[in-house]
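Written out below as structure tokens is the structure these notes cover.
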């Protein structure tokens with residue numbers, strides 16, 4: 001019998017992290033999720049590893065991920081209450097402005113999040 005590891009079990013904490021991650025509309029990183037959720041890195045890694053094992057996420061490098069299953073991404077995003085989604089989109093705008101280099105890509109990504117709240 002193989003031991004169960006954290007990334008094999010989806011808990012409420014892991015689900016919430018994946019829900020938050022689904023709102024990024026593109027690549028996101030562990031630091032951003034840690035800032036949004038306030039959770040420990042180990043919990044975030046376990047959630048992302050679970051998502052990758054399910055085929056929902058792709059690990060672009062050591063700390064950057066993106067959704068590859070758009071159906072699951074949308075399902076996770078819309079499982080959050082609309083007020084929570086709106087609040088998180090505002091926080092994501094601030095994270096992107098503070099962390100992405102100033103270029104048209106940053107402008108486009110932040111603009112899409114602002115549109116969610118209009």
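Numbering (my numbering), first residue to last: 1 to 118.
All residues carry an ideal CB built from backbone N, CA and C; glycine is no exception.
Check                                                                                                                       : Outcome
Backbone CA spacing between residue 25 and residue 89 [nearest angstrom]                                                    : 10 Å
Residue range of the unbroken alpha helix (DSSP H) whose run includes residue 24                                            : Taken as a continuous stretch (DSSP letters only), residue 24 belongs to no alpha helix (DSSP H), as it is neither H nor E.
Assigned secondary structure, residue 79 (DSSP; H/G/I helix, E/B strand, else coil)                                         : coil
Beta-carbon gap between residue 47 and residue 18 smaller than 8 Å                                                          : yes
Whole-number beta carbon distance between residue 59 and residue 67, since they are thought to touch under 8 Å              : No, residue 67 and residue 59 are not in contact; Cβ-Cβ is about 11 Å, not under 8 Å.
Residue 34: first and last residue of the uninterrupted alpha helix (DSSP H) it sits in                                     : 30-37
Neighbourhood of residue 33 by C-beta distance below 7 Å, restricted to the same chain and skipping five residues each side : 17, 20, 21 and 44
Which of helix, strand or coil DSSP assigns to residue 15                                                                   : helix
Beta carbon of residue 27 nearer than 8 Å to that of residue 95                                                             : no
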